[in-house]
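Enquirer: Okay, here's the structure, questions in a sec.
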Amino acid sequence: MKNGAQYIIDFLLKKNVEVVFGYPGGQILNFYEFLGRSALRHILARHEQGAAHAACGYARATGRPGVCVATSGPGATNLVTGIADACLDSIPLLAITGQVHLRDIGKDSFQEADITGIVTPVTKHSYLLENLEQLPSVLDEAWQVATTGRPGPVLIDVPKNFFLEEQEMRLTHQPLLTRKTKKPDQTEEMLPLIIAKIRKARQPLILAGGGLIAADACRQLAELVALTGIPVVNTLMGKGAYPEEQPQALGLVGMHGLAPANLALNDCDLLLCLGTRFSDRVTGNRRNFANQACIIHVDIDGAELRKNVDVQYTLQMDAAAFLDRLLREKDWRKNRGITTWQKRIRQWRQDYDLPRRFTGPLKPQEVIQEAARQAGSEVIVVADVGQHQMFTAQYYPVSRGRCFLTSGGLGAMGFGLPAAMGAAFGRPGETVLLFVGDGGFQMTSQELAVIREFNLPVKVLIINNGKLGMIRQWQDVIFERHFVASDLPDCPDFVKLAAAYDLPARRVTVREELADAVAFALAVEGPALVDFRVDPEELVLPFILPGGTPAEMLGRWRGETHLRGFSGK
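Residue 0 is where the sequence shown starts when you use numbering that gives the first Met the number 0, and the numbers rise one by one after that.
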């Protein structure tokens with residue numbers, strides 16, 4: 000006989016869960032009573048939002064589901080931002096919440112909240128346990144839902160009495176429900192058409208999305224590119240799917256994408272899209288997206304096919320399985336017809352490369368370049384949300400999947416620090432570089448306590464411009480410099496705050512101190528923090544305004560800044 004708490008803990012251990020991030024409270028204390036006596040490792044976050052983001056960071060870095068727990072009411076609702084982040088970025092997450100006693104549900108009891116109702120739009124599924132006999136089936140199904148097909152978050156809400164009640168649950172285990180049926184497999188019918196299109200294309204391009212990384216398909220992508228010579232661009236979530244130091248890697252596309260990548264997207268005649276949902280940040284005006292190209296869309300989630308963009312060929316298929324099948328073709332050869340295309344791309348790279356040298360106040364780009372120079376491409380790079388996030392995506396080359404972690408779809412400020420913490424627990428011993436703005440850092444800075452407690456090798460690099468940088472950029476460019484609520488006071492002193500948490504820290508105000516400060520942070524065994532005071536007027540460029548096209552890119556080309564559109568092909 001086991002009670003509900005014991006059964007949940009044993010289930011997680013059987014699933015090889017290593018760590019659970021959480022925060023206790025009244026309705027989940029019965030669970031904690033048995034958790035504290037088990038082999039399951041619990042990490043006490045300093046806020047439930049931090050627990051959810053940490054579980055998400057763990058999942059992003061490892062590919063295994065992250066697990067977080069919280070009590071009812073405010074504990075559960077504090078998880079919602081992290082759950083929504085996991086939903087939009089397709090991250091496997093299991094959230095377990097305590098609920099008031101079954102007899103008290105619906106009576107406005109103390110700390111009662113309908114958390115299953117609240118998270119319904121941002122989970123793959125949510126469960127309210129109504130009797131203990133459901134628990135084995137619910138756990139099995141929840142794990143399956145979170146990890147199969149398109150990954151995502153699942154929540155199980157457990158009334159407090161079920162944690163202590165005992166049941167011979169093995170005898171009551173019900174079979175799993177089949178909630179979703181897959182569309183008929185059209186692979187063998189469609190593949191000859193797709194292969195013929197790829198072979199005939201003269202200006203082909205691959206768009207790599209986060210689904211490639213989720214499918215562990217990076218090796219197959221690299222093999223296909225080596226065989227065909229087709230250039231690769233990536234979404235924000237697809238960064239690292241193809242090694243960015245390779246000559247065929249063009250980098251980020253979209254609103255703040257690199258000019259050569261956006262121009263290639265604009266001019267390609269065939270676009271092979273793998274594991275992407277065509278976010279508005281990638282497409283701009285969806286009606287005009289790559290309308291000159293034959294678009295092939297491969298995605299594990301059938302709901303994404305033809306949802307945002309009208310495409311010619313679709314396959315509901317795991318990206319790794321698709322590439323494996325493609326690579327079985329015996330006569331792949333580099334298409335000589337794309338040589339002219341490759342030359343055009345090389346010319347774009349020469350003409351519209353990112354600035355690499357700077358004058359005046361210290362720039363955010365310099366910090367990221369120097370960190371990349373010293374730390375290399377093998378570390379785990381985490382970016383919070385804002386200008387620094389886009390600069391990191393542009394300037395920090397990543398060579399492997401699961402080495403660039405950021406909140407893409409939700410864009411949740413405060414994600415960075417707890418996600419870096421979770422990544423460090425998931426991949427012990429690896430250095431984690433966190434780029435975070437002064438705004439986002441203050442949303443979850445309390446998680447420094449956990450990073451110090453476990454001496455995690457998280458290097459916190461604060462890109463401090465004293466502003467809400469991305470908000471200010473939009474106000475600068477779109478709202479004619481009408482700045483409202485985008486200035487941050489010079490408080491707190493981040494170096495003193497780090498000292499309060501017993502973290503080594505420095506402040507940098509001029510570029511002459513930059514290299515030494517990065518070296519200092521990397522040399523410290525365990526966590527360190529550097530507060531980089533950077534130019535508050537710097538803009539993230541290129542910048543395609545909402546609904547715009549690459550031809551309307553705002554940018555800095557050949558040393559000159561063009562804020563009235565892209566100047567000349």
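Where a beta carbon is used, it is the ideal one built from N, C-alpha and C, also for glycine.
1) Within this structure, are the beta carbons of residue 128 and residue 152 separated by less than 8 Å?
2) Measure the Cβ-Cβ separation of residue 239 and residue 205 and say whether it is below 8 Å.
3) Take every Cβ of the region 90-101, pair it with every Cβ of the region 62-78, and state whether three or more of those distances are shorter than 8 Å.
4) Please report the straight-line C-alpha distance between residue 236 and residue 88, rounded to a whole angstrom.
5) Judging by CA-CA distance, which residue of 55, 117, 72, 14 is the nearest neighbour of residue 23?
6) Output the boundary residues of the beta strand (DSSP E) element that contains residue 527.
7) Between which residues of its own chain and residue 502 is the CB-CB distance below 7 Å, once the five residues before and five after are set aside?
8) Hey, quick one: how far does the alpha helix (DSSP H) through residue 387 stretch, first residue to last?
9) Which residues in the same chain as residue 372 place their Cβ atom closer than 7 Å to its Cβ, once the five residues preceding and following it in sequence are excluded?
10) Flag this pair as yes or no: are the beta carbons of residue 533 and residue 462 separated by less than 8 Å?
11) Does the separation of the CB atoms of residue 216 and residue 322 fall below 8 Å?
12) Quick check: what's the CA-CA separation for residue 330 versus residue 318?
13) Please work out which residues of its chain come closer than 7 Å, Cβ to Cβ, to residue 290, disregarding the five sequence neighbours upstream and downstream, and give them in chain order.
14) In the region 415-479, which residue ranges form an unbroken beta strand (DSSP E) of at least 3 residues, counting only runs that do not cross its ends?
15) So does the region 269-277 actually touch the region 290-300, counting three or more Cβ pairs closer than 8 Å?
16) Confirm, please, whether the CB-CB distance from residue 117 to residue 76 is below 8 Å.
17) From the DSSP output, which residues share a beta bridge with residue 267?
18) Using the C-alpha atoms, what's the distance from residue 29 back to residue 165?
19) Any idea which residues DSSP pairs residue 126 with across the strands?
20) To the nearest angstrom, report how far apart residue 243 and residue 250 are at their CA atoms.
21) Measuring straight from C-alpha to C-alpha, what distance separates residue 545 and residue 114?
22) Could you check whether the Cβ of residue 418 sits closer than 7 Å to any heavy atom belonging to the ligand COA?
23) Please determine, among 11, 8, 19, the residue with the shortest C-alpha to C-alpha distance to residue 421.
24) Count Cβ pairs between the region 256-264 and the region 335-353 that sit closer than 8 Å; are there 3 or more?
25) Where does residue 554 land, buried or exposed, given buried means 16+ other C-beta within 10 angstroms?
26) So, is residue 223 buried or exposed, given that buried needs 16 or more other C-beta atoms within 10 angstroms?
27) For residue 373, report the span of its alpha helix (DSSP H) as first-last.
Expert: For this structure:
1) To locate residue 128, count along the sequence shown from 1; it is residue 129. To locate residue 152, count along the sequence shown from 1; it is residue 153. Going by C-beta atoms, residue 128 is not nearer than 8 Å to residue 152.
2) Translated into the one-based positions of the sequence shown, residue 239 becomes position 240. Translated into the one-based positions of the sequence shown, residue 205 becomes position 206. Going by beta carbons, residue 239 and residue 205 fall outside the 8 Å limit.
3) By the Cβ criterion, the region 90-101 is in contact with the region 62-78, since at least three pairs of Cβ atoms, one from each stretch, lie closer than 8 Å.
4) Here residue 236 refers to the residue found at position 237 of the sequence shown. Here residue 88 refers to the residue found at position 89 of the sequence shown. Their Cα atoms are separated by approximately 8 Å.
5) Residue 23 sits at position 24 when you count from the first residue of the sequence shown. Per the Cα distances, 72.
6) Residue numbering aside, residue 527 sits at position 528 when the sequence shown is read from its first letter. First-last of the beta strand (DSSP E) with residue 527: 527-532.
7) Taking the sequence shown and counting its residues from 1, one reaches residue 502 at position 503. Within the same chain, residue 502 has close Cβ partners 447, 451, 526, 527, 528.
8) On the sequence shown, position 388 is the one that residue 387 refers to. Residue 387 -> alpha helix (DSSP H) spans 386-394.
9) Along the sequence shown, one-based indexing puts residue 372 at 373. If the five residues before and after residue 372 are omitted, its C-beta is found closer than 7 Å to no C-beta atom of its own chain.
10) Position 534 of the sequence shown, counted from the first residue, corresponds to residue 533. Position 463 of the sequence shown, counted from the first residue, corresponds to residue 462. In terms of Cβ geometry, residue 533 and residue 462 form a close pair [threshold 8 Å].
11) For this step, residue 216 is matched to residue 217 along the sequence shown. For this step, residue 322 is matched to residue 323 along the sequence shown. Between residue 216 and residue 322, the C-beta spacing is below 8 Å.
12) Position 331 of the sequence shown, counted from the first residue, corresponds to residue 330. Position 319 of the sequence shown, counted from the first residue, corresponds to residue 318. One C-alpha to the other measures close to 21 Å.
13) By one-based count along the sequence shown, residue 290 stands at place 291. When the five nearest sequence neighbours on each side are left out, no beta carbon in the same chain lies closer than 7 Å to the beta carbon of residue 290.
14) Positions of the beta strand (DSSP E) runs, each at least 3 residues long and wholly inside the region 415-479, are given as 431-436, 457-463 in order along the chain.
15) In this structure the region 269-277 touches the region 290-300; the number of beta carbon pairs closer than 8 Å is three or more.
16) Here residue 76 refers to the residue found at position 77 of the sequence shown. Here residue 117 refers to the residue found at position 118 of the sequence shown. For the pair residue 76 and residue 117, the CB atoms are nearer than the 8 Å cut-off.
17) Mapped onto the sequence shown, residue 267 falls at position 268. Its beta-bridge partners do not exist; DSSP assigns none.
18) Here residue 165 refers to the residue found at position 166 of the sequence shown. Here residue 29 refers to the residue found at position 30 of the sequence shown. The straight-line gap from Cα to Cα measures roughly 13 Å.
19) Position 127 of the sequence shown, counting from 1, holds the residue named residue 126. Per DSSP, 155.
20) Mapped onto the sequence shown, residue 243 falls at position 244. Mapped onto the sequence shown, residue 250 falls at position 251. Distance between the alpha carbons of residue 243 and residue 250 is about 7 Å.
21) Position 546 of the sequence shown, counted from the start, is the residue given in the question as residue 545. Position 115 of the sequence shown, counted from the start, is the residue given in the question as residue 114. Taken atom to atom, the span from the alpha-carbon of residue 545 to that of residue 114 is near 34 Å.
22) Of ligands this structure carries none, so the ligand COA is not represented either.
23) Counting from 1 along the sequence shown, the entry for residue 421 is found at position 422. Residue nearest to residue 421 within the set 11, 8, 19 is 19 (criterion: CA-CA distance).
24) Because the criterion of three Cβ pairs below 8 Å is met, the region 256-264 and the region 335-353 touch.
25) Your numbering for residue 554 matches position 555 in the sequence shown. Counting every other CB atom within 10 Å of its CB across the protein chains shown gives residue 554 a total of 16 or more, marking it as buried.
26) As a first step, residue 223 is located in the sequence shown; it is residue number 224 there, counting from the start. Buried.
27) Stepping through the sequence shown from its first residue, residue 373 is reached at position 374. For residue 373, the enclosing alpha helix (DSSP H) has its first and last residue at 363-374.
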